[in-house]
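Student:
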Amino acid sequence: MAGSALRRLMAEYKQLTLDPPEGIVAGPVSEDNFFEWEALIAGPEGTCFEGGVFPARLVFPPDYPLSPPKMKFTCDMFHPNIFADGRVCISILHAPGDDPLGYELSAERWSPVQSVEKILLSVVSMLAEPNDESGANVDAAIMWRERREEFNSIARRLVRKTLGLET
Amino acid sequence: MQLLISSVCMALTSAVIGNAYFQKQQFYPAVVYITKSNASMAVIYIQFFVIVFMFGKLLRKIFLGTLRAAEFEHLLERFWYALTETCLAFTVFRDDFNPRFVALFTVLLFLKSFHWLAEERVDYMERSPVLGWLFHIRVGSLLTMLGILDYLLLIHAYNSTLVRGPTVQLVFGFEYAILLTVIASTTIKYVLHAAEMRTDTPWENKAVFLLYTELVIGLIKVVLYLLFVVIMAKIYALPMFVFRPMFFTIRNFRKALNDVIMSRRAIRNMNTLYPDATPEELRQSDNICIICREDMVNHSKKLPCGHIFHTTCLRSWFQRQQTCPTCRLNILRTPAINSVAMPRAADDAAAAAAAAAGGAGGVAVANAAAGAGGAQPAGTEDPNAVAAAVAAAAAGLDLDGNLGRARRPGGVNVPASFTELFAEANRLPNGLPNLGIPRPPIPPMPMLSPFMMPPQFAYFTPPPLPPPPMPQDLSTLSDDELRAMEGDQRKHIEQRLKLLGNINLMLDSVGIMMNQYQTLTARLQLAAGPSTATPAAPPATGDATESPAAPAETSSSSVYDMPSTSAAARNQQEEARQLKTTAGVAVVAAGNGVEKVTIEDLGADEDDVPSTATKTVSLGNAEAEVDENSSKLNELRERRLKFLQDNNKAANGSEKTTTD
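Chains as they are written, first to last, in our numbering: chain A, 11 to 177; chain B, 11 to 670.
#1: For residue 135 of chain B, report the span of its beta strand (DSSP E) as first-last.
#2: Any beta-carbon of chain B closer than 9 angstroms to the one on residue 31 of chain A?
#3: Can you tell which of B:173, B:223, B:177 has the C-alpha that lies nearest to the C-alpha of residue 197 of chain B?
#4: In the DSSP assignment, find the unbroken beta strand (DSSP E) run with residue 81 of chain A in it and report its ends.
#5: Answer yes or no: does any C-beta atom of chain B fall closer than 9 angstroms to that of residue 121 of chain A?
#6: Contact criterion: CB-CB distance below 9 angstroms. Does residue 22 of chain A meet it with respect to chain B?
#7: Residue 165 of chain B: buried (16+ other C-beta within 10 angstroms of its C-beta) or exposed?
#8: What residues from chain B crowd round residue 103 of chain A, counting only those whose CB sits closer than 9 angstroms?
#9: Whose Cβ in chain B lies nearer than 9 angstroms to the Cβ of residue 96 of chain A?
#10: Should residue 556 of chain B be labelled buried (16 or more other beta-carbon atoms within 10 Å of its own) or exposed?
#11: In chain B, what lies closer than 9 angstroms to residue 14 of chain A by C-beta?
#12: Is the stretch 116–130 of chain A close to the stretch 16–27 of chain B, with three or more CB pairs under 8 angstroms?
#13: May I have the straight-line CA-CA distance separating residue 73 of chain B from residue 147 of chain B, to the nearest angstrom?
#14: Mind pulling the chain A residues with CB within less than 7 angstroms of residue 335 of chain B?
#15: Cβ of residue 87 of chain A within 9 angstroms of Cβ of residue 68 of chain A?
#16: Does DSSP classify residue 177 of chain B as helix, strand or coil?
#17: Does any CB atom of chain A fall closer than 9 angstroms to the CB of residue 331 of chain B?
#18: Could you tell me if residue 335 of chain B is buried or exposed, where buried requires 16 or more neighbouring beta carbons within 10 angstroms of its beta carbon?
#19: Starting from residue 15 of chain A, trace the alpha helix (DSSP H) both ways and give me its first and last residue.
#20: Out of B:123, B:176, B:151, point me to the one whose CA is closest to residue 86 of chain B's CA.
#21: Which chain A residues are close to residue 133 of chain B, counting only those with a beta carbon under 8 angstroms from its beta carbon?
#22: Does the stretch 134–153 of chain A touch the stretch 90–106 of chain A, meaning 3 or more C-beta pairs lie closer than 8 angstroms?
#23: The stretch 254–287 of chain B: which residues have C-beta closer than 9 angstroms to a C-beta of chain A, in chain order?
#24: If we cut at 9 angstroms on Cβ distances, does residue 17 of chain A have a partner in chain B?
#25: By Cβ distance, which residues of its chain are closer than 8 angstroms to residue 119 of chain B, with the 5 residues on each side in sequence left out?
#26: Which residue wins for smallest C-alpha separation from residue 45 of chain A, given the options A:54, A:64, A:18, A:57?
#27: In terms of DSSP beta bridges, what is residue 299 of chain B paired with?
#28: Residue 45 of chain A touches chain B at which residues, Cβ-Cβ below 8 angstroms?
#29: In the DSSP output, what is residue 97 of chain A paired with across the bridge?
#30: Cα separation between residue 49 of chain A and residue 20 of chain A?
#31: Using the C-alpha atoms, what's the distance from residue 279 of chain B back to residue 84 of chain B?
#32: Given a threshold of 16 other Cβ atoms within 10 Å of its Cβ, counted over all protein chains shown, does residue 305 of chain B qualify as buried or as exposed?
#33: By alpha-carbon positions, which one of B:71, B:284, B:181, B:282 ends up nearest to residue 235 of chain B?
#34: Residue 22 of chain A: buried (16+ other C-beta within 10 angstroms of its C-beta) or exposed?
#35: Counting Cβ pairs closer than 8 angstroms, one from the stretch 62–70 of chain B and one from the stretch 34–41 of chain A, do we hit at least three?
#36: Would you please state the rounded distance, in angstroms, between the beta carbons of residue 23 of chain B and residue 54 of chain B? I believe it to be under 8 angstroms.
Pasting the structure below:
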């Protein structure tokens, strides 16, 4: 009998495959390691990320779902809530108790009722509406707040890059 | 790359040896030549390390197979830390720095790496879907080998310290003792994981065992580190090189200790206070434990907030956090019903006293506007009441709060009058001229559900607000009234705004009411659950005034799922009728468009003398008058409270006997 984390991940994989949410594809990198997933996230429509398809990687801890997974974009991203190395900084991915940037309410933190699907949906909404108070990427946050046009053009360039078009 | 380095190294070594042999022609002089030449010795040392490295690779191939990327990464990271610490240790023992010493440290690092790898492998067991017999043989033999080596080296260090006094062997002895504890915990983990794999059902107690293992091993490690630091500080100098691992060990130990204490409390609460979910409740929810996403067939518990989970899933979560996974209700801070009932009874008495003080004039003053802190004297026609209210406020009594709480234990007091209140309200003037048309019975409020608040607020309910008047249904408005709202003159618009204001007010109060229902039912269920689960618990006594508590509990067992809430509300309303509690609301249109609502709660009919509580509450900035001329009512409440307590105690007792 495999561990409960593995069974839960399998259940989530099944559910995501049978009933995929719009604009999100996710699954284990390989069938013999369910603790590392790949995800593709479509940029939400009507935003500067529209049309892009952004690959990301999720790494699950052995005690999932008691601890949150880690998520990292594997493409270049320029966004107030994404670190320069691609790590995603949203409150749903932080366990209650650790608060890297010191502003999150515990009510929006990780809890075992969250799921991969919810994480990815939160990431989509994060792409649509950056939280410029969290300073994962301060440059991006300032640009988003003060020079929106420039930010949009960078985002559009990234979108073209993820699609393999010339920049 | 590695191949290149080792072959270059091999070539260099053979060159050095060949050169020495070529020059001296004989074995002994050649050896002397090599040991005298620094360059040659450097090459030999490097060769030595390369051989150790290759030996390590060979052992790894035998015992571990190929490393996963994560394992390799962790190994590298820990290796660099260990290397730095080793270099720091060299500084302490710089006097007896010699090749043998370096060799001993190399062996130590070498063994340490395998300990880490074994740990990683055993942790990986939990995540891997299938594990062959090869895995078990490898891990088993690796653990045995490492354990024996650690033990032998520890004994060696001990003996040499006994014979030669404290030397660097002290450090090694200590390091191997720590490694032995690592091996012990890894072995225990391995056994636990392997045992779980053999069974088909998840093994509930594994997490508990793991937690305790961590605690015990952590304690041993902390003691070892402290001893070592003290001994080293006495003999040599402060051992800087163990500070980092010591810090982490102490931190882990503290966390483990905290986890054990908190989770024990939470789990004890879970076992004793929270009821098992009944089949009906499971049917009403979607029957899936949201933690593990598997069906709940048996062994599920219901938290005070009404969310249902597997007992095992809850247990492992409570080892991390003592909150409800869904609504984050802190279950340690959530009072059990018997611990709350007592202070509440006291409050009731205080409220009664305050009411009695005000009772001279028949009016007590309370500001119903969400406990704005001060009770604002308003009913200026009665100075007595004002004085009473001020006195109550000065005594630190939040009159609103008391009244609110006083109503809760009864369970049905508030809900009882709910329908009637609305029904009455419809017949009474509410800003518009009264129509005097009797209304058909109010249908179950369909608009309740949108105002459901998340249950986590259930325990911080604002003081109850009496429902404001029902706005006029347009079909029953007279032509005059409709005309009053037509047109675009100021008074027409005012009329319309007033109507909208009424609706708004009512919706707000409905939200608050719903909240209170939830609080109530949560508390009631807490007491009721065990009694329904264990037939041994005493059923409701024959006392007619107390019986409402029991039906309320059973009927409201479904309350927690959002969609079923209105059904529960209906149940409560029906009970209210059974109770024949009557209530009336007198709504008086006051100046400035502020309404006053007067509630006359006539109490239960079973009380021969109907106790009355009349409240005039102003919503907005005005004031309210309350008549709590109700020592009878209080008596009733106290009896109910007592019943709840008894019931709860009995239920707890029976629950304990069943769980123990």
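Backbone N, C-alpha and C fix where the C-beta goes; we use that ideal spot for every residue, glycine too.
Tutor: Per the coordinate set shown:
#1: Taking the first residue of the second sequence as 1, we reach residue 135 of chain B at position 125. From DSSP, residue 135 of chain B is part of no beta strand (DSSP E) but of the alpha helix (DSSP H) over 109–135.
#2: Residue 31 of chain A sits at position 21 when you count from the first residue of the first sequence. Not closer than 9 angstroms to any Cβ of chain B, the Cβ of residue 31 of chain A fails to qualify, so no.
#3: The residue you call residue 197 of chain B lines up with position 187 of the second sequence. When each option's Cα is compared against that of residue 197 of chain B, the closest is B:223.
#4: Here residue 81 of chain A refers to the residue found at position 71 of the first sequence. Counting along the chain, the beta strand (DSSP E) containing residue 81 of chain A begins and ends at 80–83.
#5: Residue 121 of chain A sits at position 111 when you count from the first residue of the first sequence. Yes, its Cβ sits closer than 9 angstroms to a Cβ of chain B.
#6: Translated into the one-based positions of the first sequence, residue 22 of chain A becomes position 12. So, interface residue.
#7: By one-based count along the second sequence, residue 165 of chain B stands at place 155. Looking at its Cβ environment, which holds fewer than 16 other Cβ atoms inside 10 Å, residue 165 of chain B is exposed.
#8: The residue given as residue 103 of chain A occupies position 93 in the first sequence. Under the 9 angstroms cutoff, chain B gives no residues; its nearest Cβ is about 16 angstroms from residue 103 of chain A.
#9: Here residue 96 of chain A is taken as the residue at index 86 of the first sequence, counted from 1. In chain order: nothing, as chain B lies at least about 17 angstroms away.
#10: As a working mapping, residue 556 of chain B is identified with position 546 in the second sequence. At residue 556 of chain B the pLDDT is 40, less than 50, meaning the model places this residue with poor confidence; the figure from the coordinates comes in the next sentence. Classification for residue 556 of chain B: buried.
#11: Counting from one through the first sequence, the residue named residue 14 of chain A turns up at place 4. Ordered by position in chain B, the residues that pass the 9 angstroms Cβ test against residue 14 of chain A are 136, 212, 301, 302, 304, 322, 323, 326.
#12: no
#13: In the second sequence, residue 73 of chain B corresponds to position 63, counting from 1. In the second sequence, residue 147 of chain B corresponds to position 137, counting from 1. Residue 73 of chain B and residue 147 of chain B: Cα-Cα distance of roughly 9 angstroms.
#14: As a position in the second sequence, residue 335 of chain B is number 325, starting the count at 1. Correct list: 121, 122, 123.
#15: Your numbering for residue 87 of chain A matches position 77 in the first sequence. Your numbering for residue 68 of chain A matches position 58 in the first sequence. Not closer than 9 angstroms, so no.
#16: The count along the second sequence starts at 1 and reaches residue 177 of chain B at position 167. If DSSP states are grouped into helix, strand and coil, residue 177 of chain B belongs with coil.
#17: Position 321 of the second sequence, counting from 1, holds the residue named residue 331 of chain B. At least one chain A Cβ lies under 9 angstroms of residue 331 of chain B.
#18: As a working mapping, residue 335 of chain B is identified with position 325 in the second sequence. That one is buried.
#19: Position 5 of the first sequence holds residue 15 of chain A. Residues 14–28.
#20: The residue you call residue 86 of chain B lines up with position 76 of the second sequence. When each option's Cα is compared against that of residue 86 of chain B, the closest is B:123.
#21: Working through the second sequence from its first residue, we reach residue 133 of chain B at position 123. Per Cβ cutoff of 8 angstroms: 72.
#22: yes
#23: none
#24: Residue numbering aside, residue 17 of chain A sits at position 7 when the first sequence is read from its first letter. Answer yes: the Cβ-Cβ gap between residue 17 of chain A and chain B drops below 9 angstroms somewhere.
#25: As a working note, residue 119 of chain B is residue 109 in the second sequence. Cβ neighbours of residue 119 of chain B beyond the five flanking positions: 89, 92, 93, 96.
#26: In the first sequence, residue 45 of chain A corresponds to position 35, counting from 1. Of the listed residues, the one whose Cα sits closest to residue 45 of chain A is A:18.
#27: For the purposes of this step, residue 299 of chain B is taken as residue 289 along the second sequence, with counting starting at 1. Bridge partners of residue 299 of chain B: B:304.
#28: As a working note, residue 45 of chain A is residue 35 in the first sequence. Within 8 angstroms Cβ-Cβ: 137.
#29: Residue numbering aside, residue 97 of chain A sits at position 87 when the first sequence is read from its first letter. For residue 97 of chain A, which the question treats as bridged, DSSP gives the partners A:82.
#30: As a working mapping, residue 49 of chain A is identified with position 39 in the first sequence. As a working mapping, residue 20 of chain A is identified with position 10 in the first sequence. Whole-angstrom Cα-Cα distance: 15 angstroms.
#31: On the second sequence, position 74 is the one that residue 84 of chain B refers to. On the second sequence, position 269 is the one that residue 279 of chain B refers to. Going from the Cα of residue 84 of chain B to the Cα of residue 279 of chain B covers about 39 angstroms.
#32: As a position in the second sequence, residue 305 of chain B is number 295, starting the count at 1. Exposed, by the Cβ-count rule.
#33: Taking the second sequence and counting its residues from 1, one reaches residue 235 of chain B at position 225. The residue with the shortest Cα to Cα distance from residue 235 of chain B is B:181.
#34: Here the question's residue 22 of chain A lines up with position 12 in the first sequence. With 16 or more Cβ atoms within 10 Å of its Cβ, residue 22 of chain A is classed as buried.
#35: no
#36: Position 13 of the second sequence, counted from the start, is the residue given in the question as residue 23 of chain B. Position 44 of the second sequence, counted from the start, is the residue given in the question as residue 54 of chain B. With a Cβ gap of about 7 angstroms, residue 23 of chain B and residue 54 of chain B count as contacting.
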